[in-house]
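**Q** Please see the structure below; I have some questions.
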Amino acid sequence: MPHDHSDPDHPHALLPPDPALRVKALETILTRKGLVDPAALDEIIDTYQNRIGPKNGAQVVARAWSDPAFLDRLRADATAVISDLGFFGRQGEHIVVVENTPQLHNMVVCTLCSCYPWPLLGIPPGWYKSDAYRARAVREPRKVLAEFGIILPETMAVRVWDSTAEIRYLVIPMRPEGTEGLSETELAALVTRDSMIGTGLARTPE
Amino acid sequence: MSRPHDMGGRFGDGAVVPEPQGIPTLDEDWQARALALTLAAGSLGQWNLDISRHSRERLSPKDYARFSYFEKWIAALADLLVEKDVLRREELQGGGEGGPHALAGRALPASRVASVLAAGGPADRPIATPPRFERGQAVVTARPAGNRLVDGGHTRLPSYASGAQGYILKHHGAHVLPDSNAHGLGECPQHLYTVVFSATQFWSHPEHPDDEVTLDLWESYLEPA
Numbered sequence: 000m001p002h003d004h005s006d007p008d009h010p011h012a013l014l015p016p017d018p019a020l021r022v023k024a025l026e027t028i029l030t031r032k033g034l035v036d037p038a039a040l041d042e043i044i045d046t047y048q049n050r051i052g053p054k055n056g057a058q059v060v061a062r063a064w065s066d067p068a069f070l071d072r073l074r075a076d077a078t079a080v081i082s083d084l085g086f087f088g089r090q091g092e093h094i095v096v097v098e099n100t101p102q103l104h105n106m107v108v109c110t111l112c113s114c115y116p117w118p119l120l121g122i123p124p125g126w127y128k129s130d131a132y133r134a135r136a137v138r139e140p141r142k143v144l145a146e147f148g149i150i151l152p153e154t155m156a157v158r159v160w161d162s163t164a165e166i167r168y169l170v171i172p173m174r175p176e177g178t179e180g181l182s183e184t185e186l187a188a189l190v191t192r193d194s195m196i197g198t199g200l201a202r203t204p205e
Numbered sequence: 000m001s002r003p004h005d006m007g008g009r010f011g012d013g014a015v016v017p018e019p020q021g022i023p024t025l026d027e028d029w030q031a032r033a034l035a036l037t038l039a040a041g042s043l044g045q046w047n048l049d050i051s052r053h054s055r056e057r058l059s060p061k062d063y064a065r066f067s068y069f070e071k072w073i074a075a076l077a078d079l080l081v082e083k084d085v086l087r088r089e090e091l092q093g094g095g096e097g098g099p100h101a102l103a104g105r106a107l108p109a110s111r112v113a114s115v116l117a118a119g120g121p122a123d124r125p126i127a128t129p130p131r132f133e134r135g136q137a138v139v140t141a142r143p144a145g146n147r148l149v150d151g152g153h154t155r156l157p158s159y160a161s162g163a164q165g166y167i168l169k170h171h172g173a174h175v176l177p178d179s180n181a182h183g184l185g186e187c188p189q190h191l192y193t194v195v196f197s198a199t200q201f202w203s204h205p206e207h208p209d210d211e212v213t214l215d216l217w218e219s220y221l222e223p224a
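Which chain is which? The protein sequence lines are E and D, in order. Quick note on numbering: the first sequence equals residues 0 to 205 in numbering that gives the first Met the number 0. Quick note on numbering: the second sequence equals residues 0 to 224 in numbering that gives the first Met the number 0.
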């Protein structure tokens, strides 16, 4: 059987230990050799900091609340339906939607790394990548939810989705009371990032 | 058998600290730079996503615990660049001759960033064999959890979920097998399933008897119950 022989060899220790200096040093080396284009790095950063974010996912949820036929299509093949809205790409290749009901609350984690539906929600928040969330979400989701201010009734079960493969999950939170007359745009404004991960609920209109 | 990334269910990590809604702001410029550098270097084509994940998992437990998220990324990237012979160790220290690298022609130009990010890397593949399990069928996960092809190798069955009984919720077709693909042994696609487990299968003190955990598991991780 092959053995993972490279374990003891960690060349990263040859770089400066300070993170900012370490990244700068590696970028400088790779740029000098023509292996990365700094303008491409700027473009990647601009994409994730300014263009892709939870507004994408919120648009999907708002339409699912408003249009039963759309929701049915989402249930059958979310990846195709969401691609048609223009949301696709890296870390969004295989999307499944999971729906909260009065009986079931869904919550998403990746215990092994921090897999996240980037094209729908953008850069993951710090807590999603934290050891505390990765370690605890599967074992004590209700205590974790309480730290987000959410207390679930005993009559509601929790289903935690550990994203161990390339399937990425989008939670469809329950539609808040008193939103019957709202447009999709107004509804989307009620859909928070955390509500689509399952650590929050949709906002109620003011 | 375990590595430090396999932390599901672990005790002692303290509270989760929520943050404002919207697009998270990366606290420091270097974090955004580390993210971009990792994605750009990936497009040199010298490794795949599973190799990249395994490189982070092979950080020493001490480094894994003390490094922040993007420090893990940048350390694992440096390790991979040397392991895959893109850079030599002395080049990481600023040595070596200048001039363009043999792979420079593969560098990701700014003009292609949008199309590369939009293309992503779908993991589903055609497969000739029918799925072994059907929806609703009871299955048991492998025990011990661990890569069956490479000792200490990459796998996506977390330790907490090994030797547990659940049932098939959904079949996703065949996906690239990380246990093989992370080690250059081919994509070896297998049927992938979402499997539901009662929390009582995993925890001695589950919070609620009706709570469940689901995992996405490849066919070789499972046996009929």
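Note that CB positions come from ideal geometry on N, CA and C, so glycine has one too. Please read these numbers as outputs of a predicted model, since none were measured by experiment.
Check whether chain D comes within 9 angstroms of isoleucine 73 of chain E, counting only Cβ atoms and requiring the distance to be less than that.
**A** Note that residue 73 of chain E is leucine in the sequence shown, not isoleucine. No, because no Cβ of chain D sits closer than 9 angstroms to the Cβ of leucine 73 of chain E.
**Q** Which class does glycine 165 of chain D belong to by DSSP, given the choice of helix, strand or coil?
**A** Here glycine 165 of chain D sits in strand by DSSP.
**Q** Please decide whether alanine 35 of chain D counts as near chain E, where near means a Cβ-Cβ distance under 9 angstroms.
**A** It does; some Cβ of chain E falls within 9 angstroms.
**Q** On the premise that alanine 75 of chain D lies in contact with leucine 58 of chain D, defined as a C-beta separation below 8 angstroms, what is that separation, rounded to the nearest angstrom?
**A** Confirmed, about 6 angstroms.
**Q** Could you tell me which residues DSSP pairs with arginine 124 of chain D in its beta bridges?
**A** Per DSSP, D/Ala173.
**Q** Determine, using beta-carbon pairs with one atom in the stretch 123 to 134 of chain E and one in the stretch 178 to 188 of chain D, whether at least three such pairs fall under 8 angstroms.
**A** These segments do not touch.
**Q** Closer than 6 angstroms by C-beta to glycine 197 of chain E: which residues in its own chain qualify, once you throw out the five before and the five after it? Chain order, please.
**A** Hits under 6 angstroms: Asn105, Met106, Val107, Val170.
**Q** The alpha helix (DSSP H) with glutamine 58 of chain E in it runs from where to where?
**A** From DSSP, the alpha helix (DSSP H) with glutamine 58 of chain E extends over 53 to 65.
**Q** If we ignore side chains and look at the alpha-carbon of each, how far apart do serine 65 of chain E and arginine 141 of chain E end up?
**A** Rounded to the nearest angstrom, the two C-alpha atoms are 29 angstroms apart.
**Q** Take glutamine 225 of chain D as the anchor and find which of D/Pro129, D/His190, D/Leu80, D/Ala141 has the nearest alpha-carbon.
**A** No answer is possible for residue 225 of chain D: the residues shown for chain D start at 0 and end at 224.
**Q** Whose C-beta lies closer than 7 angstroms to the C-beta of leucine 84 of chain E among residues of the same chain, with five residues either side of it excluded?
**A** Excluding residues within five positions, the ones whose Cβ falls inside 7 angstroms are Gln58, Val59.
**Q** What first and last residue would you give for the beta strand (DSSP E) that runs through valine 108 of chain E?
**A** Counting along the chain, the beta strand (DSSP E) containing valine 108 of chain E begins and ends at 103 to 108.
**Q** Aspartate 5 of chain D CB to nearest chain E CB: under 9 angstroms?
**A** True, the Cβ-Cβ gap to chain E drops below 9 angstroms.
**Q** Which chain E residues sit within Cβ distance under 7 angstroms of alanine 77 of chain D?
**A** Within 7 angstroms Cβ-Cβ: Pro10, His11, Leu14, Leu25.
**Q** Any beta-carbon of chain D closer than 9 angstroms to the one on glycine 121 of chain E?
**A** With 9 angstroms as the cut-off, glycine 121 of chain E counts as an interface residue toward chain D.
**Q** Spell out a yes or no on whether the stretch 51 to 65 of chain D and the stretch 6 to 25 of chain E are touching, meaning 3 or more CB-CB pairs, one atom from each, closer than 8 angstroms.
**A** The stretch 51 to 65 of chain D vs the stretch 6 to 25 of chain E: in contact.
**Q** Can you confirm whether the stretch 79 to 95 of chain D touches the stretch 105 to 114 of chain D when touching is taken to mean that 3 or more C-beta pairs between the two stretches lie within less than 8 angstroms?
**A** These segments do not touch.
**Q** Could you spell out the range, first to last residue, of the beta strand (DSSP E) harbouring phenylalanine 69 of chain D?
**A** Not the beta strand (DSSP E): phenylalanine 69 of chain D falls in the alpha helix (DSSP H), residues 68 to 82.
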